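Mapping of the sequence shown onto this note's numbering: position 101 corresponds to residue 135, and the numbering continues sequentially without gaps.
Written out below as structure tokens is the structure these notes cover.
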Amino acid sequence: MGLRGTQVAKETASIVLKDDSFNSIAAAVAHGREIFRNIQKFVIYLVSCNLSEIFIVTALGFIAPAATLFPLQILFLNMVTDVFPALALGVGKGDKTIMDIPPRKSTKKIVSNKNWIAISLYAAAITLSVIIAVFYSKAYISIDVKITNNIAFITLALAQLFHVFNMASPRSNILVNEITTNKFVWYAILICIGLMAIVYALPQIRMALGLVILPGNALLVAVIAASLPLALVQLFKLIYRTINKN
Numbered sequence: 035m036g037l038r039g040t041q042v043a044k045e046t047a048s049i050v051l052k053d054d055s056f057n058s059i060a061a062a063v064a065h066g067r068e069i070f071r072n073i074q075k076f077v078i079y080l081v082s083c084n085l086s087e088i089f090i091v092t093a094l095g096f097i098a099p100a101a102t103l104f105p106l107q108i109l110f111l112n113m114v115t116d117v118f119p120a121l122a123l124g125v126g127k128g129d130k131t132i133m134d135i136p137p138r139k140s141t142k143k144i145v146s147n148k149n150w151i152a153i154s155l156y157a158a159a160i161t162l163s164v165i166i167a168v169f170y171s172k173a174y175i176s177i178d179v180k181i182t183n184n185i186a187f188i189t190l191a192l193a194q195l196f197h198v199f200n201m202a203s204p205r206s207n208i209l210v211n212e213i214t215t216n217k218f219v220w221y222a223i224l225i226c227i228g229l230m231a232i233v234y235a236l237p238q239i240r241m242a243l244g245l246v247i248l249p250g251n252a253l254l255v256a257v258i259a260a261s262l263p264l265a266l267v268q269l270f271k272l273i274y275r276t277i278n279k280n
């Protein structure tokens with residue numbers, strides 16, 4: 035059997051089969067694929083969120099230095115809006131078509147070259163949404179640098195929360211998929227929004243993070259701009275499904 039075959043034999047020798055049903059084997063394969071996909075989603079989500087923060091800080095440093103995010107604001111995003119949704123992705127179930135995917139090669143990386151391209155595009159879309167919100171706020175809402183900075187902060191925070199829904203399989207339904215049916219994702223979003231509300235409600239923490247109470251029209255701009263990356267990705271996925279059906 036050779037060296038590789040001997041190693042496989044050693045590993046399988048410790049496996050205990052509870053029954054000889056083929057369904058059990060298929061279920062085990064499906065579970066293994068779910069674990070691999072969850073790890074992949076976790077990594078892609080976190081890396082794309084962090085990369086978007088790098089893009090945004092760099093871009094705002096050139097085009098709107100006064101609106102650049104503060105270090106404590108970025109730290110808050112990393113500890114709250116990034117972490118909880120990522121953890122929720124790690125406990126999700128696979129989509130219904132997970133067994134329709136051909137077996138992956140043993141040499142395949144968790145994050146492939148295609149995944150890196152997707153990560154870059156995700157980060158670019160989030161960055162674009164923040165830049166749009168900043169320019170719109172400066173032109174139509176307020177030239178106050180605190181307002182502009184806070185719009186950038188809120189837009190990025192919400193865009194990262196909405197971004198979790200982009201982790202659904204491109205083959206799955208837009209509204210009903212392994213992300214929207216994952217209750218932990220919704221818990222994570224509620225926790226993040228709750229923590230952000232607490233931060234704004236407590237004057238000491240709000241001042242420490244350089245935050246101010248935003249007017250209603252500014253919040254509306256942030257919400258709309260934050261929804262753009264999700265809308266763009268879902269549009270591309272819809273096109274992908276349409277092409278693959280034909």
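All C-beta atoms, glycine included, are put in the ideal place defined by N, C-alpha and C.
Given the structure is predicted, the values throughout are model-derived calculations rather than measurements.
Run through the segment 85-156 for me and flag every whole alpha helix (DSSP H) of 4 or more residues, listed as ranges in chain order. Those alpha helix (DSSP H) runs which fall completely within the segment 85-156 and span 4+ residues are 105-113 and 117-123.
Out of curiosity, what's the CA-to-CA distance linking leucine 103 and valine 114? Each residue's Cα considered, the two are about 16 Å apart.
Sorted by chain position, which residues of the same chain lie with C-beta nearer than 7 Å to isoleucine 239's C-beta, five sequence neighbours on each side aside? The answer, listed in chain order, is Val233.
Taking Cβ to Cβ, would you say isoleucine 90 is nearer than 7 Å to valine 164? Contact flag set, yes.
Identify which residue in Leu266, Asn251, Leu264 and Pro263 has its Cα closest to the Cα of asparagine 184. Minimum Cα distance to asparagine 184 is reached at Asn251.
In angstroms with no decimal places, state the Cα-to-Cα distance between aspartate 116 and threonine 189. Distance between the alpha carbons of aspartate 116 and threonine 189: 14 Å.
Alanine 152 versus proline 105: straight-line alpha-carbon distance, rounded: Computed Cα separation, rounded: 27 Å.
If we count Cβ pairs, one from each stretch, closer than 8 Å, do we get three or more for the segment 167-187 versus the segment 209-225? Result no; under three Cβ-Cβ pairs closer than 8 Å.
Flag this pair as yes or no: are the beta carbons of alanine 193 and proline 263 separated by less than 7 Å? Taking 7 Å as the Cβ cut-off, alanine 193 and proline 263 qualify as a contacting pair.
Identify, in the order they occur along the chain, each residue of the same chain with its Cβ nearer than 6 Å to the Cβ of leucine 272, setting aside the five sequence neighbours on each side. Excluding positions up to five away in sequence, the list is empty.
Taking buried to mean at least 16 other C-beta atoms within 10 Å of its own C-beta, is methionine 29 buried or exposed? Outside the shown range of the chain (35 to 280) lies residue 29, about which nothing can therefore be said.
Chain-order list of residues whose beta-carbon lies under 8 Å from that of proline 237 (same chain, five-residue window excluded): Answer for proline 237: no residue qualifies.
Limits of the unbroken alpha helix (DSSP H) element including phenylalanine 187: Counting along the chain, the alpha helix (DSSP H) containing phenylalanine 187 begins and ends at 179-197.
Out of curiosity, what's the CA-to-CA distance linking leucine 224 and leucine 195? Distance from the CA of leucine 224 to the CA of leucine 195, rounded to the nearest whole angstrom, comes to 10 Å.
Where does valine 77 sit, in a helix, a strand or coil, going by DSSP? Reduced to three states, the DSSP call for valine 77 is helix.
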